[in-house]
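S.K.:
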Amino acid sequence: MSDLPVAPEPISELGVYRILSPQAGIRVSPLCLGAMSIGQAWEQRGMGAMDKETAFQLLDEFVRLGGNFIDTANSYQGEESEKWLGEWMKERGNRDEIVLATKYTAYYKNEEPASKIRVNYGGNGKKSLILSLEDSLNKLQTNYIDILYVHWWDYTTSVEELMQSLDALVKKGKVLYLGASGIPAWIVSKANQYARDHGLAKFVVYQGLWSVMIRDLEREIIPMCISEGMALCPWGALGSGKFQSKADLEKRAASGEKLRSIMSTGDQTDAEIKISAGLEKVAKDLGTDCVTAVALAYVLQKFPYVFPIVGGRKIEHLHANITALTLLLTSDHIQELESLSEFKRGYPYDQFGSDVGSGEPSPWHFNMVGKFGFVQHPQAIKPSKHKDHATSSAPKTQ
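Per the UniProt record's numbering, the very first residue in the sequence shown carries number 1; after that it's consecutive.
(1) Could you give the uninterrupted runs of the beta strand (DSSP E) lying entirely in the region 220–255, keeping only those of 3 residues or more?
(2) I'd like the list of long-range same chain contacts for L329, defined as Cβ closer than 6 angstroms, with 5 residues on each side in sequence excluded.
(3) CB Y149 to CB K174, shorter than 7 angstroms?
(4) In angstroms, rounded to a whole number, what distance separates the CA positions of S136 and P361?
(5) Do P308 and A237 come within 7 angstroms of each other at the CB atom, strictly closer than that value?
(6) Could you tell me if Q398 is buried or exposed, where buried requires 16 or more neighbouring beta carbons within 10 angstroms of its beta carbon?
(7) Return the chain-ordered list of same chain residues with a C-beta closer than 6 angstroms to the C-beta of K202, the five sequence neighbours on each side being excluded.
(8) For the region 50–115, list the beta strand (DSSP E) runs that are entirely contained and at least 3 residues long, ordered along the chain.
(9) Excluding the five sequence neighbours on either side, which residues of its own chain have a C-beta within less than 8 angstroms of the C-beta of E272, listed in chain order?
(10) Let's see if you can read the secondary structure: which residues bound the alpha helix (DSSP H) around F374?
(11) Please look up how many angstroms separate the CB atoms of E228 and S189, rounded, as I've assumed it's under 8 angstroms.
(12) Could you give the DSSP three-state label for S21: helix, strand or coil?
(13) Tell me the DSSP secondary structure of L325 in three-state form.
(14) Distance check for D51 and S245, CA to CA, integer angstroms please.
(15) Could you give the DSSP three-state label for S128: helix, strand or coil?
(16) Which residue comes first and which comes last in the alpha helix (DSSP H) that contains Y155?
(17) One question on the structure: do L209 and K274 come within less than 7 angstroms of each other, judged by their Cβ atoms?
(18) Less than 7 angstroms separating the beta-carbons of V204 and A24?
(19) Note down the Cα distance separating L14 from A7, rounded to an integer number of angstroms.
(20) The alpha helix (DSSP H) with T150 in it runs from where to where?
(21) Could you give the first and the last residue of the continuous beta strand (DSSP E) run that contains S181?
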């Protein structure tokens, strides 16, 4: 069958696509472009400014390099993020080529003076869901959303109401896949079991904070994702922009550019300084000067079905992040990075052991009775080819 057409070689590793999860067959780029910085409404909140022309250039370059996975939310940049994405997709005529994720739950009408009673423009309830989705569809200029996340858990809506309401949208074709974000593992598991029992759509992807410095997801969330066959889209893998090499910090200081984060003062903490130094050390060992690429490689290579969300406003930062897809970390690299910050799983794991299928040592209660071999869970995809990062790390142009 040699006469069949073959797809051209991708311009970058961003164009080597992956299956989202065992429960979701949609094909996505290995990095997801976060659109929280697309817009200007949150400039005074420490996010910096990105005008529409710059935003469109970033989106164009992401797609040119093979990216097709974009994440936004109903409230980002006072709704500008969804609106600008909608305009861009309309102008480019590429909506169906994009795997588009958005979210509901945030009180997205808070900055709209015409809305007086806003209580049902947020939360997990059915009315909030319907209002938010219809507004998102209009802003994004589309008739369907690829992935709709529940942004966080409001602790007042029942699992039954939530899953029935979400499933109705899937059955109507307005939503293709469901995602959970910022929700405790026990609630996601309960929701998915309810969905299984009643023939409803399940959550197939989780979004949450995870990095080499903040590893809380490894206690309950990641084991839950493995058990449920869910993907993981971590945000904060780059320390919310705080993982920086000394050279990058000096460059920023010389230009007067400050570190940005919506949830901090903008200065590096002692922990972030320590992690950055460790990342820089590993980067040099791998022949690259890209600290952020090492931080991304860490989350990409620890577990399977991980698709980090990368933000930023500059094309050169996008190029640097793509370098992560060609870095191969050794077990020594991972141990070295993890030694830089304390992480304890806590009870009951510290007393009775963790999942042996994830490569954890055999617990004492097994060792008391014999020697065992355990079947391992699927492993993360490792880079298939490695570039000479000392000479070039930027994607090729056409």
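Ideal Cβ positions, reconstructed from N, Cα and C, are used throughout, including at glycine. On a predicted model such as this, the values are computed, not experimentally measured, just so you know.
M.R.: Short version:
(1) 231–235
(2) Residue mapping note: residue 329 aligns to position 329 of the sequence shown, counting from 1. Contacts found: A297, Q301.
(3) Within the sequence shown, the letter at position 149 stands for residue 149. Within the sequence shown, the letter at position 174 stands for residue 174. No.
(4) The count along the sequence shown starts at 1 and reaches residue 136 at position 136. The count along the sequence shown starts at 1 and reaches residue 361 at position 361. Cα to Cα, S136 sits roughly 47 angstroms from P361.
(5) As a working note, residue 237 is residue 237 in the sequence shown. As a working note, residue 308 is residue 308 in the sequence shown. The answer is yes: Cβ separation under 7 angstroms.
(6) Within the sequence shown, residue 398 is the residue found at index 398, counting from 1. Residue placement at Q398 is poorly supported in this model, since its pLDDT is 41, which falls under 50; the coordinates still yield a value, given next. Q398 is classed as exposed because its beta carbon has fewer than 16 other beta carbons within 10 Å across all chains shown.
(7) One-based indexing of the sequence shown puts residue 202 at position 202. The residues are N192, A195.
(8) Here the runs fully enclosed are 69–71, 99–104.
(9) What you label residue 272 is simply residue 272 of the sequence shown in a count that begins at 1. Same-chain partners within the cutoff: M213, G239, K242, F243.
(10) On the sequence shown, residue 374 is found 374 positions in, with the first residue counted as 1. First-last for F374: undefined, no H or E at that position.
(11) Stepping through the sequence shown from its first residue, residue 228 is reached at position 228. Stepping through the sequence shown from its first residue, residue 189 is reached at position 189. Confirmed, Cβ separation roughly 7 angstroms.
(12) Locating residue 21 in the sequence shown gives position 21, counting from the first residue. DSSP places S21 in strand when its eight states are reduced to three.
(13) As a position in the sequence shown, residue 325 is number 325, starting the count at 1. The answer is helix: DSSP assigns L325 an H, G or I state.
(14) The sequence position of residue 245 within the sequence shown is 245, counting from 1. The sequence position of residue 51 within the sequence shown is 51, counting from 1. Computed Cα separation, rounded: 27 angstroms.
(15) On the sequence shown, position 128 is the one that residue 128 refers to. DSSP places S128 in helix when its eight states are reduced to three.
(16) As a working mapping, residue 155 is identified with position 155 in the sequence shown. First-last for Y155: undefined, no H or E at that position.
(17) The residue labelled residue 209 in the question sits at position 209 within the sequence shown. The residue labelled residue 274 in the question sits at position 274 within the sequence shown. For L209 and K274, no; Cβs fall outside 7 angstroms.
(18) Walking along the sequence shown from the start, residue 204 turns up at place 204. Walking along the sequence shown from the start, residue 24 turns up at place 24. Against a cut-off of 7 angstroms, the Cβ pair of A24 and V204 comes out as a contact.
(19) As a first step, residue 14 is located in the sequence shown; it is residue number 14 there, counting from the start. As a first step, residue 7 is located in the sequence shown; it is residue number 7 there, counting from the start. Each residue's Cα considered, the two are about 15 angstroms apart.
(20) Stepping through the sequence shown from its first residue, residue 150 is reached at position 150. In the sequence as displayed, the identity of residue 150 is Val instead of Thr. Not the alpha helix (DSSP H): V150 falls in the beta strand (DSSP E), residues 145–150.
(21) Position 181 of the sequence shown, counted from the start, is the residue given in the question as residue 181. It spans 175–181 - the beta strand (DSSP E) in which S181 sits, taken as one unbroken run.
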